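*Asks:* My questions all concern the structure below.
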Amino acid sequence: MAQLSLADVDSVVELPTDSFKASITPDKTFLNDNPDWLAARKLVDQSPHDFAPWNSLVTITEQLLTKYPTPSQAVKDVITSTFDELLTRFPLFFGYWKKYTSLQYQMNGLDESIKVLSRSLVAFPSSVDLWVDYLTILVSNCQDKSKIKLEFETAISNVGHHFLSHEVWDKYIEWEQGQNNSLEVIKILLRVIRIPLHQYSRYYQSFNTMRQTISAQQLQELDKQLESATGADEYYNTIFLQTQEYVSAIWPFESQIKQPYFNITPLSDEEVEIWDSYLNLLIQRHSIDALSS
Numbered sequence: 012m013a014q015l016s017l018a019d020v021d022s023v024v025e026l027p028t029d030s031f032k033a034s035i036t037p038d039k040t041f042l043n044d045n046p047d048w049l050a051a052r053k054l055v056d057q058s059p060h061d062f063a064p065w066n067s068l069v070t071i072t073e074q075l076l077t078k079y080p081t082p083s084q085a086v087k088d089v090i091t092s093t094f095d096e097l098l099t100r101f102p103l104f105f106g107y108w109k110k111y112t113s114l115q116y117q118m119n120g121l122d123e124s125i126k127v128l129s130r131s132l133v134a135f136p137s138s139v140d141l142w143v144d145y146l147t148i149l150v151s152n153c154q155d156k157s158k159i160k161l162e163f164e165t166a167i168s169n170v171g172h173h174f175l176s177h178e179v180w181d182k183y184i185e186w187e188q189g190q191n192n193s194l195e196v197i198k199i200l201l202r203v204i205r206i207p208l209h210q211y212s213r214y215y216q217s218f219n220t221m222r223q224t225i226s227a228q229q230l231q232e233l234d235k236q237l238e239s240a241t242g243a244d245e246y247y248n249t250i251f252l253q254t255q256e257y258v259s260a261i262w263p264f265e266s267q268i269k270q271p272y273f274n275i276t277p278l279s280d281e282e283v284e285i286w287d288s289y290l291n292l293l294i295q296r297h298s299i300d301a302l303s304s
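Just so you know, we're using my numbering here: the sequence shown kicks off at 12 and counts up by one.
See the structure below:
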């Protein structure tokens with residue numbers, strides 16, 4: 012497999028911006044054999060900003076690989092151009108990026124599917140779901156450890172503070188464990204125990220267990236904020252309580268969010284109020300943190 016890094020994406024593929032009707036016109040044979048697809052395509056052309064006809068077109072387009080198990084290049088071009096146009100108009104629909112990745116794998120293999128995933132992260136870098144998929148494939152197929160670590164750090168910088176980002180952190184920890192890098196695992200845990208995540212308590216328990224496996228000197232070298240090894244228990248318990256307090260403060264809002272992802276359906280007035288209150292709390296807390304730091 013070609014070793015692909017998000018750092019290389021700009022030189023590998025660019026998100027298309029021009030009209031797709033000009034770039035790909037299905038041949039007459041395809042159109043004659045697929046009248047349902049043509050009808051759905053015409054509805055999209057009539058209302059390109061309306062998602063309902065797009066959804067119908069995508070459903071029919073997905074079925075082409077069932078109809079053509081060994082698709083011609085013409086069929087591949089139809090599938091590719093349809094998803095390219097859709098995701099240029101609606102780049103935050105992570106579910107369709109996942110569908111497109113799967114279809115590319117079926118049509119053209121692993122490398123092309125990874126390119127689609129890489130593009131998805133250029134378009135939507137704050138998607139935890141897309142990062143999880145990308146990192147899973149990368150870890151399984153890339154032999155360059157420095158690139159894998161770079162991509163994990165890129166993922167953390169983009170979604171590491173997302174309340175439900177534990178899958179990304181878990182994958183990072185699991186990968187370092189697979190390299191037998193216990194000190195690197197502890198370094199990761201030292202970062203994550205300070206972040207108010209859904210799984211904060213589990214990470215703290217893991218950290219407490221792992222820090223018993225290294226010397227006091229090693230711990231101080233890893234955590235420059237730890238002034239005295241003899242006060243480690245109290246120091247880390249204070250961090251735990253601070254993180255716990257933050258999670259307790261935001262949980263009433265996080266637990267009420269029914270749509271934590273982008274959707275064209277407008278939020279209800281009730282959920283908008285929840286978001287407003289949540290954001291006001293975060294602004295207030297961060298203002299206080301800035302003043303006290």
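The beta carbon of each residue, even a glycine, is placed where N, CA and C say it ideally should be. Quick caveat: nothing in here was measured; it's all calculated off a predicted structure.
How long is the line joining the alpha carbons of residue 72 and residue 91, rounded to whole angstroms?
*Replies:* Looking at the two C-alpha atoms, the distance is approximately 10 Å.
*Asks:* Report buried or exposed for residue 288, applying the criterion of at least 16 other Cβ atoms within 10 angstroms of its Cβ.
*Replies:* Exposed: under 16 other Cβ atoms inside 10 Å.
*Asks:* Hey, how far is the Cα of residue 172 from the Cα of residue 40?
*Replies:* Taking the straight line from one Cα to the other gives about 51 Å.
*Asks:* Would DSSP call residue 204 helix, strand or coil?
*Replies:* Reduced to three states, the DSSP call for residue 204 is coil.
*Asks:* At which residue ranges does the stretch 62-104 contain complete alpha helix (DSSP H) runs of 4 or more residues, listed in the order of the chain?
*Replies:* Within the stretch 62-104, the complete alpha helix (DSSP H) runs of at least 4 residues are 62-73, 75-78 and 84-100.
*Asks:* Find out if the Cβ-Cβ distance for the pair residue 138, residue 105 is shorter than 7 Å.
*Replies:* Cβ distance < 7 Å, so residue 138 and residue 105 count as in contact.
*Asks:* State buried or exposed for residue 144, treating a residue as buried only when at least 16 other CB atoms are found within 10 Å of its CB.
*Replies:* Classification for residue 144: buried.
*Asks:* I think residue 125 touches residue 148, with their Cβ atoms under 8 Å apart; what is that distance to the nearest whole Å?
*Replies:* At roughly 6 Å, the Cβ-Cβ gap stays under 8 Å, so residue 125 and residue 148 are in contact.
*Asks:* Just the Cα atoms here: how many angstroms apart are residue 51 and residue 38?
*Replies:* For residue 51 and residue 38, the distance between alpha carbons rounds to 16 Å.
*Asks:* In the structure shown, what three-state DSSP assignment does residue 33 receive?
*Replies:* Its pLDDT being 38, under 50, residue 33 is placed unreliably in this model, and the value from its coordinates should be taken loosely. Three-state DSSP puts residue 33 in a helix.
*Asks:* Verify whether the separation of the beta carbon atoms of residue 196 and residue 188 is less than 7 Å.
*Replies:* A contact, by the Cβ cut-off of 7 Å.
*Asks:* Taking 8 Å as the limit between beta carbons, can you name the residues of its chain near residue 75, skipping five residues before and five after?
*Replies:* Result list for residue 75: 45, 48, 82, 86, 89 and 90, in chain order.
*Asks:* Put residue 238 into one of helix, strand or coil per three-state DSSP.
*Replies:* Correct three-state label for residue 238: coil.
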